[in-house]
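Chemist: First, the structure itself, so that you have it in front of you.
2 protein chains.
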Amino acid sequence: MNDVKGSPSQEPAPEALTGTLTFRLGTVGTLVGARFTAAVEDLGVRPKHVGLLSVLSSGAPASQQDVARTMGVVPSLVVTLADQLEGLGAIERVRDPDDRRRHRLGLTEEGRALLAECTARARALDAELTAGLSATERDALAHAMGVLAREAGLP
Amino acid sequence: MNDVKGSPSQEPAPEALTGTLTFRLGTVGTLVGARFTAAVEDLGVRPKHVGLLSVLSSGAPASQQDVARTMGVVPSLVVTLADQLEGLGAIERVRDPDDRRRHRLGLTEEGRALLAECTARARALDAELTAGLSATERDALAHAMGVLAREAGLP
DNA sequence: TATTGTTATACTCTATAACTATA
DNA sequence: TATAGTTATAGAGTATAACAATA
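Residue numbers (UniProt numbering), protein chains in the order written: chain A, 1 to 155; chain B, 1 to 155.
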């Protein structure tokens with residue numbers, strides 16, 4: 001969103017736009033997203049792929065419609081993402097015998113390893129980002145982000 | 001970035017992707033960005049416009065190249081954004097008499113009012129987002145976001 | 001020749017809508 | 001007729017590259 005790079009190094013005036021949490025979340029989120037994108041690029045995936053792997057990792061093999069709803073994207077995007085992940089050998093599509101219209105998506109062993117690697121890289125990025133915070137501050141941040149996630153509309 | 005909507009309502013396992021700060025910043029940032037976009041839509045601006053207004057509000061009238069560098073976008077995008085803001089009467093371009101290649105961008109009174117309104121809406125969104133946090137937690141979050149912004153590469 | 005701003009073009013990502021197959 | 005998946009098309013947003021004016 002509002003990805004203005006040149007924010008002042010000192011704390012901005014609280015009444016300024018740059019002092020709002022909304023603005024900061026936007027800028028930091030965009031920047032962190034870009035860094036994560038770069039961090040997993042050589043694995044052949046982008047963040048949405050990783051999100052899809054993550055959805056599949058928690059729970060039984062899901063239909064593409066289920067996955068689309070969970071991710072908050074349209075089903076046609078899941079088709080594209082799943083095509084690419086299938087090409088990487090990270091997921092497999094199996095026709096549901098009970099309803100042959102459905103494709104159930106499941107992680108392969110390779111997919112699990114890929115997700116694990118992406119998660120490790122996310123954690124490495126976490127460590128970089130929070131290097132300037134104390135353990136207490138890190139915990140407070142983690143908790144606050146959990147609350148924000150729910151408040152922002154994540155179910 | 002990784003905007004998976006259906007994260008579990010309970011705290012995710014810390015070793016999972018969804019437990020990383022990187023992932024959470026991505027999802028929350030995307031969502032908050034979308035909500036801010038919706039919040040200022042009726043004013044005829046998008047977050048990048050607001051970012052441009054914000055840059056202009058802090059400091060002397062700047063050339064479009066300066067603004068592009070500060071915002072971390074290419075100069076041609078500043079042309080488009082400035083065109084639109086000029087159309088709204090929010091900024092004015094004046095040729096620099098010392099170097100007639102340069103356009104110096106400056107906020108008009110209408111532009112200041114527009115930025116103030118956008119800032120007010122960002123603060124209202126802040127209040128919604130942090131409704132579930134104590135004052136202490138809010139402060140801790142604000143501080144942590146400041147550190148993250150610098151750590152993420154904001155100068 | 002180098003730089004500022006502009007225009008023209010292209011690319012990435014994602015959504016909408018039409019189509020196929022199963023139900 | 002309705003639903004899952006797919007394909008085709010389109011749109012938003014932003015970048016790259018060519019161009020005009022000025023230095």
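Glycine included, C-beta positions come from ideal geometry on N, C-alpha and C.
Contact criterion: CB-CB distance below 9 Å. Does E92 of chain B meet it with respect to chain A?
Modeler: Stepping through the second sequence from its first residue, residue 92 of chain B is reached at position 92. False, the Cβ-Cβ gap to chain A never drops below 9 Å.
Chemist: Give the single residue among A:A152, A:L31, A:V78 whose Cα lies nearest to the Cα of H49 of chain A.
Modeler: Reading the first sequence from its first residue, position 49 is the one you call residue 49 of chain A. Nearest option by C-alpha distance: A:V78.
Chemist: Could you round the C-beta distance between R121 of chain B and A39 of chain B to whole angstroms and report it? I think they count as a contact, below 8 Å.
Modeler: The residue you call residue 121 of chain B lines up with position 121 of the second sequence. The residue you call residue 39 of chain B lines up with position 39 of the second sequence. Confirmed, about 5 Å.
Chemist: Give the interface partners of A68 of chain A over in chain B, defined as CB-CB distance under 8 Å, in chain order.
Modeler: Position 68 of the first sequence, counted from the first residue, corresponds to residue 68 of chain A. Chain B residues near A68 of chain A: none, gap ~10 Å exceeds 8 Å.
Chemist: Shorter than 9 Å from the beta carbon of A16 of chain B to some beta carbon of chain A?
Modeler: By 1-based counting over the second sequence, the position of residue 16 of chain B is 16. Taking Cβ atoms only, chain A reaches closer than 9 Å to A16 of chain B, which makes this a yes.
Chemist: Taking a Cβ distance cut-off of 8 Å, strictly less, list which residues of the region 104-137 of chain A are near chain B, in chain order.
Modeler: Flagged, chain order: L115, C118, T119, A122, R123, L125, D126, E128, L129, T130, A131, G132, L133, E137.
Chemist: Please check if any C-beta of chain B sits within less than 9 Å of the C-beta of G6 of chain A.
Modeler: One-based indexing of the first sequence puts residue 6 of chain A at position 6. With a pLDDT of 40 at G6 of chain A, under the threshold of 50, the predicted position of this residue should be treated as unreliable, though the coordinate-derived value follows. Yes, its Cβ sits closer than 9 Å to a Cβ of chain B.
Chemist: Any chance you could list the beta strand (DSSP E) runs of at least 3 consecutive residues sitting entirely within the UniProt domain "HTH marR-type" (18-150) of chain A, in chain order?
Modeler: Here the runs fully enclosed are 91-95, 103-107.
Chemist: Please tell me whether G132 of chain A and R138 of chain B are closer than 9 Å, where the distance is taken between their beta carbons.
Modeler: Position 132 of the first sequence, counting from 1, holds the residue named residue 132 of chain A. Position 138 of the second sequence, counting from 1, holds the residue named residue 138 of chain B. For G132 of chain A and R138 of chain B, no; Cβs fall outside 9 Å.
Chemist: Could you check whether the Cβ of A140 of chain B sits closer than 9 Å to any Cβ belonging to chain A?
Modeler: For the purposes of this step, residue 140 of chain B is taken as the residue at position 140 of the second sequence. Output row for A140 of chain B: interface = yes.
Chemist: Quick check: is the beta carbon of T80 of chain A nearer than 9 Å to any beta carbon in chain B?
Modeler: Residue 80 of chain A sits at position 80 when you count from the first residue of the first sequence. No - not a single Cβ of chain B is within 9 Å of the one on T80 of chain A.
Chemist: To the nearest angstrom, how far is it from the Cα of R112 of chain A to the Cα of G51 of chain B?
Modeler: Position 112 of the first sequence, counting from 1, holds the residue named residue 112 of chain A. Position 51 of the second sequence, counting from 1, holds the residue named residue 51 of chain B. Using only the alpha carbons, I get a separation of about 40 Å.
Chemist: With 16 as the cutoff for other CB atoms within 10 Å, does G33 of chain A come out buried or exposed?
Modeler: For the purposes of this step, residue 33 of chain A is taken as the residue at position 33 of the first sequence. Counting Cβ neighbours within 10 Å, G33 of chain A comes out buried, since at least 16 surround it.
Chemist: Quick check: the region 12-20 of chain B against the region 52-71 of chain A, are there 3 or more CB pairs under 8 Å?
Modeler: The region 12-20 of chain B, when compared against the region 52-71 of chain A, does touch it at the 8 Å Cβ threshold.
Chemist: So is G146 of chain A buried or exposed if we call it buried at 16+ other beta carbons inside 10 Å?
Modeler: What you label residue 146 of chain A is simply residue 146 of the first sequence in a count that begins at 1. Counting Cβ neighbours within 10 Å, G146 of chain A comes out buried, since at least 16 surround it.
Chemist: I want to see whether chain B comes within less than 9 Å of S9 of chain A, judged by CB atoms only; does it?
Modeler: By one-based count along the first sequence, residue 9 of chain A stands at place 9. With a pLDDT of only 44 at S9 of chain A, under the threshold of 50, the placement of this residue in the model should not be trusted; the figure read from the coordinates follows. For S9 of chain A, the answer is yes, since a Cβ of chain B falls inside 9 Å of its Cβ.
Chemist: Relative to the C-alpha of L105 of chain B, which candidate in B:F36, B:E41, B:V67, B:L43 has its C-alpha closest?
Modeler: Residue 105 of chain B sits at position 105 when you count from the first residue of the second sequence. The option with the nearest alpha carbon to L105 of chain B is B:V67.
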